[in-house]
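If you count the sequence shown from 1, position 283 lands on 273 in my numbering, and the numbers rise without skipping. All C-beta atoms in this analysis are idealised placements derived from N, C-alpha and C, irrespective of residue type, glycine included. Quick caveat, the model's predicted, so the values are computed rather than measured. Written below as C-alpha cells is the structure these notes are about.
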Amino acid sequence: MRKLAPTLLLLTSPGRVTPALLFLTLLSTCVLAQTGDGIDDSNVTVISTFEARLTDASRVRVTPTPPAPDTLRVRQEYLIGDRPLTLDYPAPTIRPRGIQKEKLADAKNGYVSIGGGLPNLLYGDLSYDVTSIDNLELGLFARHLSMNNDGNVENQKSSDTDFGVRGAYLFDQGFAVKGGLGYNTKSRYYYGYNFSPTDTAETPLTFTDDQVRQRFSTFAMDASIFNGTRTVADIDYDAGLSFYIMDGNPAVRENNLDLHVGGTKWIDEDRPLDVKFRASFTSFKDTSTQNLNNLYFMPAFTTPIAGRVRLKIGANLTLQEDDFDVFPNISVRRTHRGRGDLRLRRLGRNHSKQFTQDAERLQPMDQHALAGPDLRVLARVRWGGR
-9 MRKLAPTLLL LTSPGRVTPA LLFLTLLSTC VLAQTGDGID DSNVTVISTF
41 EARLTDASRV RVTPTPPAPD TLRVRQEYLI GDRPLTLDYP APTIRPRGIQ
91 KEKLADAKNG YVSIGGGLPN LLYGDLSYDV TSIDNLELGL FARHLSMNND
141 GNVENQKSSD TDFGVRGAYL FDQGFAVKGG LGYNTKSRYY YGYNFSPTDT
191 AETPLTFTDD QVRQRFSTFA MDASIFNGTR TVADIDYDAG LSFYIMDGNP
241 AVRENNLDLH VGGTKWIDED RPLDVKFRAS FTSFKDTSTQ NLNNLYFMPA
291 FTTPIAGRVR LKIGANLTLQ EDDFDVFPNI SVRRTHRGRG DLRLRRLGRN
341 HSKQFTQDAE RLQPMDQHAL AGPDLRVLAR VRWGGR
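Here you go:
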C-alpha cells in the first residue's frame, strides 16, 4: 500500500486531473497486480453457481396516433420547356348519329314464279342458288313461256324454253374462274296464211303445225379465268372462251367459237388502260357452207376531266381475211366513277347471284348509273378492201 498511497493522494488532491496523470495511475496499478505474491493460479474454486432467470413480463399496449395533418398551402411554380411533338394518325371516321341500321331480310336460295293467261298462256320462272360453300356461287335456272290460240286462229301459237347452270369460284390464291352451260329453244308458227283473201267457194288454206313451224335450238357454254382480288401490280386480267351450236330446223345450222384475252392497268386509281384481243370463228350452213373468221384488237384509255366527266379514247382494229378496218372509239360520259366503283361493277357482274344469260338482268343498275349525255365518234378506214 505504500506504493498506492501517493496515487490515491494524487487522485483526491484538488485540482484538474490531466490525461498524463491518469495514465501513470493505471500503469502503477497494473504493476502492483502483477507483482503480488502467494496467488495460486493453477486452481480455481467455484464458490456458487449462477442461474440466470428472467423476471415476469407483462404486455404493454401502445396505440399509435397519426401525426397532425399538414394543412399548410404552399404555391409551387414549375418551369417546363416547350417540346412540340409530331404525331401521324389516320383521319377519324365520321358516322351519322341516331340512325339505326335496317335489319336485312333473310335471303332465300330459291325463287319460283308461275303464272297463266288467256288465250292458253303458261309462264314459269324457277331458280336456285347454292350458297353453303365458301367462295362458290352456283345457280340453276329454268324459264318457260308458251301461248296457244289455235282454237281461234289456225297455228297461232309459240313457245320459249330456257334452262341452264352458271357458277363462279374464288381461289385462295386470288384468281377466280366462272362458266356456264345453257340450252334454249324457241318455236315459231307462221300463221299469216289464214288472212289471205280467198273466194268463199274455194277451200280455205290449211297446213299442219309441222309445215309452218320453225324451231331454233341453241346450246351454249363458256368458261373464263380472271383475278378475283386486287393484284400487287394493279393489273386486272381476264381470259376465256365461249362456244355455241344453233340449229334452225329446218335446214339451218350455225357454230361459233369465241376466244378473248384482256387486261387493265390501273393508273392513279381512276385511269384504266385497257387492252383486249378477241378471235371469233363462225361456220354457217344451209344449202351451202360459209365461214366467217374475225380478229379484234381493242386498246382504250379512260381518264377523268375536272372530276365531272370521263373521257375514253380507244380504237377497234378488226381483220377479216384481207379486209382490215379501224374503228375509233371516243366517248365522253358525265357520270364519274372511281376505281372502286368500276372494279365493283366488273367483279360484281362476274359474281352476281342472279345467274342468267342476259347481262342487263345481271346488273340492271348499270343502265341507270351510265345514264347521261354520251358523245361518240365513229369512223372507218378500209385497207385492201373487198
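Supposed contact pair residue j and residue i - C-beta distance, whole angstroms, cut 8 Å
i    : j    : result
G172 : A210 : 5 Å
K147 : G157 : So it is not a contact: roughly 35 Å between Cβ atoms.
Per DSSP, the bridge partner or partners of residue i
i    : result
G238 : F206, V242
S148 : M137, R178
K266 : G252, M288
I257 : R261
K275 : R243, T279
N217 : F165
A95  : DSSP output for A95 lists no bridge partner at all.
A132 : L116, F153
Closest residue to residue i among the options (Cα-Cα distance)
i    : options                : result
E324 : M236, A296, D119, T308 : Note on identity: in this sequence residue 324 is Arg, with Glu being the wrong assignment. Among M236, A296, D119, T308, the Cα nearest to that of R324 belongs to A296.
G105 : I235, R133, L231       : R133
V120 : L69, P289, R87, G100   : G100
N145 : V222, A166, Y179       : Y179
L135 : N174, Y227, F287, I215 : N174
P294 : L282, E311, W256       : W256
D123 : F161, L108, Q66        : According to the sequence provided, residue 123 is Ile. The question's Asp does not apply to it. Nearest option by C-alpha distance: F161.
E127 : G218, D78, T45         : G218
F287 : S278, Q163, I303, T308 : T308
T151 : D140, Y181, I70, Y113  : Y113
G141 : Y68, L116, D199, I303  : D199
N315 : M236, R298, L285       : Reading the sequence as shown, one finds Asp at residue 315 and not Asn. With distances taken between Cα atoms, D315 lies closest to L285.
N239 : T277, R43, D72, Y68    : T277
R300 : S321, N283, P289, E311 : S321
M137 : L108, V155, T55        : L108
M236 : A305, K176, N33, E311  : K176
Where the beta strand (DSSP E) through residue i begins and ends
i    : result
Q310 : 299 to 310
Q280 : 279 to 295
F161 : No beta strand (DSSP E) contains F161, which DSSP labels as neither H nor E.
D119 : 111 to 120
Y101 : 100 to 107
N319 : 313 to 323
Can you find at least 3 beta carbon pairs, one from the region 268 to 278 and one from the region 242 to 250, that sit closer than 8 Å? yes
Per the contact definition of three or more C-beta pairs closer than 8 Å, is the region 261 to 269 in contact with the region 231 to 245? no
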